[in-house]
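S.K.: Top to bottom, those sequences are chains A and B. Quick note on the numbering used here: the first sequence kicks off at 80 and runs consecutively. Quick note on the numbering used here: the second sequence kicks off at 32 and runs consecutively. I am attaching a structure below and will ask some questions about it afterwards.
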Amino acid sequence: MAEDTATEDPGAPVRFMPQLIGLDYTIKTNPVAAAFGAALADGRITGHRCPSCQRVYAPPKGFCPICVVPTGEADLVEVADRGLVTSWTVLTPIQYAGQKEREDYALASILLDGADGTIGQQRLVDVPLDEIRMGLRVEAVWAPPDERVADDRGYGLGSAVSGWRPTGEPDAPPSAYQEHTL
Amino acid sequence: MPSDTDTTFTMELMYRRSLGPVVGAFLTGLRDQRLLASRTAEGRVICPALEYDPDSGDAVDDLVEVGPGGVVTGWTWVPEPLRKHPSDRPFAWALVQLDGADTALVHALAADGPDAVRTGMRVVPRWADERTGHITDIACFVPEEG
Ligand SMILES: [Zn+2]
Numbered sequence: 080m081a082e083d084t085a086t087e088d089p090g091a092p093v094r095f096m097p098q099l100i101g102l103d104y105t106i107k108t109n110p111v112a113a114a115f116g117a118a119l120a121d122g123r124i125t126g127h128r129c130p131s132c133q134r135v136y137a138p139p140k141g142f143c144p145i146c147v148v149p150t151g152e153a154d155l156v157e158v159a160d161r162g163l164v165t166s167w168t169v170l171t172p173i174q175y176a177g178q179k180e181r182e183d184y185a186l187a188s189i190l191l192d193g194a195d196g197t198i199g200q201q202r203l204v205d206v207p208l209d210e211i212r213m214g215l216r217v218e219a220v221w222a223p224p225d226e227r228v229a230d231d232r233g234y235g236l237g238s239a240v241s242g243w244r245p246t247g248e249p250d251a252p253p254s255a256y257q258e259h260t261l
Numbered sequence: 032m033p034s035d036t037d038t039t040f041t042m043e044l045m046y047r048r049s050l051g052p053v054v055g056a057f058l059t060g061l062r063d064q065r066l067l068a069s070r071t072a073e074g075r076v077i078c079p080a081l082e083y084d085p086d087s088g089d090a091v092d093d094l095v096e097v098g099p100g101g102v103v104t105g106w107t108w109v110p111e112p113l114r115k116h117p118s119d120r121p122f123a124w125a126l127v128q129l130d131g132a133d134t135a136l137v138h139a140l141a142a143d144g145p146d147a148v149r150t151g152m153r154v155v156p157r158w159a160d161e162r163t164g165h166i167t168d169i170a171c172f173v174p175e176e177g
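See below:
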């Protein structure tokens, strides 16, 4: 941020100051999230099926928040690495420190085949922004194995999936996602 | 995929803060190796400089030079510095009342250990080689020689 304080005249009054506000968190990775992260590293998305209501949560939480019953390895299911767009946002990046984006891009909520909840904040790729729509069928673009940082394992997909691209299949009908739109 | 059991998150935002005439002058002073304080109508000398009198709320625009030496009025030892601390070695956060000031400022104090720090000790600033108009223009305070 030297450009913020440097002036033509090095003796000029200081008018601005860069100020970094930041927080570092460290949390213990719980076993459910760790197993989810290990599967992601392996190129698989896993969930838990609630033994009571049969809903599938991916990422798994280790419990069903509706039924308030624990879930575990016995409830583990594989979820597809493809699904459909239920909603999306186009972001126009503003150039602030640390901002790497330069072009408009889209983040979507994606309902994976075999899951009963969406995964949010997923990057859409290989699709013009004005062709994004609810029901668009997409598939995961997996990051190379050594780039799958699991920093937010248990909360999202981290960097395991670098984006989601259209599969070319026909759009899903509204009945497929009407329960999952915002 | 790391096999550790910790997950770390870092959330950071870089602000560009507009300083105004008083704080701007204070930081301009640091860049030029001068320590400035604001003097209220009652004559209280406040360092770091404040834009207002904390007692009356009145605007303050009278700046006076203080220091560069001062006295430690309180301190705490930091045995394990964090990433964003001003030192990667153990240090003290100290309240330093600069000569001529009526209030103390917080800054890092470099010392060999907690046994080398005491309330009442005299300290002087160690200036950073590259100064940009930031509180880190004082790299730290160090015990006064002799
Ligand atoms: Zn349930």
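Each residue gets a CB set at the ideal place from its N, CA and C atoms; glycine is no exception. All values reported here derive from a predicted model rather than from experimental measurement.
Quick check on the DSSP output: the alpha helix (DSSP H) that includes glycine 51 of chain B runs from which residue to which?
M.R.: 51-62
S.K.: Could you tell me whether any non-hydrogen atom of ligand 1 is closer than 7 Å to the CB of isoleucine 145 of chain A?
M.R.: yes
S.K.: Ignoring anything shorter than 3 residues or poking outside the segment 200-233 of chain A, list the beta strand (DSSP E) runs there in chain order.
M.R.: 216-221
S.K.: By how many angstroms is the C-alpha of phenylalanine 115 of chain A removed from the C-alpha of aspartate 154 of chain A?
M.R.: Approximately 13 Å, taken between the alpha carbons.
S.K.: So who's on the other strand from isoleucine 124 of chain A, going by DSSP bridges?
M.R.: According to DSSP, isoleucine 124 of chain A shares a beta bridge with A:Val158.
S.K.: Taking C-beta pairs closer than 7 Å, name the residues in chain A that leucine 81 of chain B reaches, listed in chain order.
M.R.: Residues of chain A passing the Cβ test: none, with the nearest at roughly 16 Å.
S.K.: Answer with buried or exposed for methionine 213 of chain A, where buried requires no fewer than 16 other C-beta atoms within 10 angstroms of its C-beta.
M.R.: buried
S.K.: Regarding valine 156 of chain A and ligand 1, is the C-beta to nearest heavy atom distance less than 7 Å?
M.R.: no
S.K.: Give the list of continuous beta strand (DSSP E) stretches no shorter than 3 residues that lie fully inside the segment 71-97 of chain B.
M.R.: As far as the segment 71-97 of chain B is concerned, its whole beta strand (DSSP E) runs of at least 3 residues are 94-97.
S.K.: List the whole-angstrom C-beta distance separating glutamate 73 of chain B from isoleucine 100 of chain A, where the pair is believed to meet the contact cut-off of C-beta under 8 Å.
M.R.: Not really, about 34 Å apart at Cβ, beyond 8 Å.
S.K.: Can you tell which of A:Phe95, A:Gly247, A:Gly177 and A:Val164 has its C-alpha closest to the C-alpha of serine 254 of chain A?
M.R.: A:Val164
S.K.: Residues of chain B with CB closer than 8 Å to the CB of arginine 94 of chain A, please, in chain order.
M.R.: Those are Ser49, Leu50 and Gly55, listed as they occur along chain B.
S.K.: Report the residues of the segment 165-186 of chain A with a CB closer than 9 Å to any CB of chain B, ordered along the chain.
M.R.: From the segment 165-186 of chain A, only Tyr175, Ala176 and Gly177 have a Cβ closer than 9 Å to chain B.
S.K.: Just the C-alpha distance for leucine 191 of chain A and alanine 219 of chain A, rounded to the nearest angstrom, thanks.
M.R.: 10 Å
S.K.: If we count the other Cβ atoms within 10 Å of its Cβ and call it buried at 16 or more, is leucine 66 of chain B buried or exposed?
M.R.: Leucine 66 of chain B comes out buried.
S.K.: Taking 8 Å as the threshold (beta carbon to beta carbon), is arginine 114 of chain B in contact with chain A?
M.R.: It does: the Cβ of arginine 114 of chain B has a partner Cβ on chain A nearer than 8 Å.
S.K.: Compute the minimum distance between the beta carbon of valine 148 of chain A and the heavy atoms of ligand 1, and state whether it is under 7 Å.
M.R.: Ligand 1 approaches valine 148 of chain A closely enough that one of its heavy atoms is under 7 Å from the residue's Cβ.
S.K.: Does the beta carbon of leucine 129 of chain B sit closer than 8 Å to a beta carbon anywhere in chain A?
M.R.: no
S.K.: Measure from the C-beta of threonine 125 of chain A to each C-beta in chain B and report whether the shortest distance is under 8 Å.
M.R.: no
S.K.: Is the number of C-beta pairs between the segment 71-85 of chain B and the segment 122-138 of chain B that are closer than 8 Å three or more?
M.R.: Three or more pairs of CB atoms, one per stretch, sit closer than 8 Å, so the segment 71-85 of chain B contacts the segment 122-138 of chain B.
S.K.: Pick helix, strand or coil for proline 33 of chain B, following the three-state DSSP scheme.
M.R.: Legend: pLDDT at proline 33 of chain B = 43, less than 50; position of this residue unreliable, value from coordinates given subsequently. Note: proline 33 of chain B maps to coil in three-state DSSP.
S.K.: The beta strand (DSSP E) spanning cysteine 171 of chain B covers which residue range?
M.R.: Under the DSSP assignment, cysteine 171 of chain B falls in the beta strand (DSSP E) whose first and last residues are 169-174.
S.K.: Can you find a CB in chain A that lies within less than 8 Å of the CB of leucine 94 of chain B?
M.R.: no
S.K.: Let me check understanding here. Comparing Cα to Cα, which of B:Asp168, B:Pro117, B:Arg149 and B:Pro52 lies closest to glutamine 64 of chain B?
M.R.: B:Asp168
S.K.: For a contact meaning CB atoms closer than 9 Å, what does leucine 164 of chain B contact in chain A?
M.R.: Contrary to the premise, residue 164 of chain B reads as glycine rather than leucine in this sequence. Chain A residues near glycine 164 of chain B: Thr84, Pro92, Val93, Arg94, Phe95 and Met96.
S.K.: So who's on the other strand from lysine 107 of chain A, going by DSSP bridges?
M.R.: The partner list for lysine 107 of chain A (beta bridge, DSSP) reads B:Asp37.
S.K.: Quick one: what's leucine 191 of chain A bridged to in DSSP?
M.R.: A:Gly162
S.K.: With C-beta atoms as the reference, is valine 169 of chain A less than 8 Å away from aspartate 183 of chain A?
M.R.: yes
S.K.: Might you give, ordered along the chain, the residues of its own chain that have their beta carbon closer than 8 Å to the beta carbon of histidine 259 of chain A, omitting 5 neighbours on each side?
M.R.: Thr165, Ser188, Leu190, Gly196 and Thr197
S.K.: Going by other Cβ atoms of all chains shown within 10 Å of its Cβ, with 16 needed for buried, is alanine 118 of chain A buried or exposed?
M.R.: buried
S.K.: What number of angstroms, rounded off, separates the C-alpha of threonine 107 of chain B from the C-alpha of glycine 151 of chain B?
M.R.: 14 Å
S.K.: I need the DSSP call for alanine 123 of chain B, collapsed to helix, strand or coil.
M.R.: Strand.
S.K.: Based on the DSSP output, what are the partners of threonine 171 of chain A in its beta bridges?
M.R.: Partner(s): none; threonine 171 of chain A has no beta bridge.
S.K.: Note down the Cα distance separating aspartate 120 of chain A from proline 174 of chain B, rounded to an integer number of angstroms.
M.R.: Inspection of the sequence shows that residue 120 of chain A is occupied by alanine rather than by aspartate. Going from the Cα of alanine 120 of chain A to the Cα of proline 174 of chain B covers about 52 Å.
S.K.: How close, in whole Å, do the beta carbons of threonine 246 of chain A and threonine 38 of chain B come, if the pair is a contact with beta carbons under 8 Å?
M.R.: With a Cβ gap of about 31 Å, threonine 246 of chain A and threonine 38 of chain B do not count as contacting.
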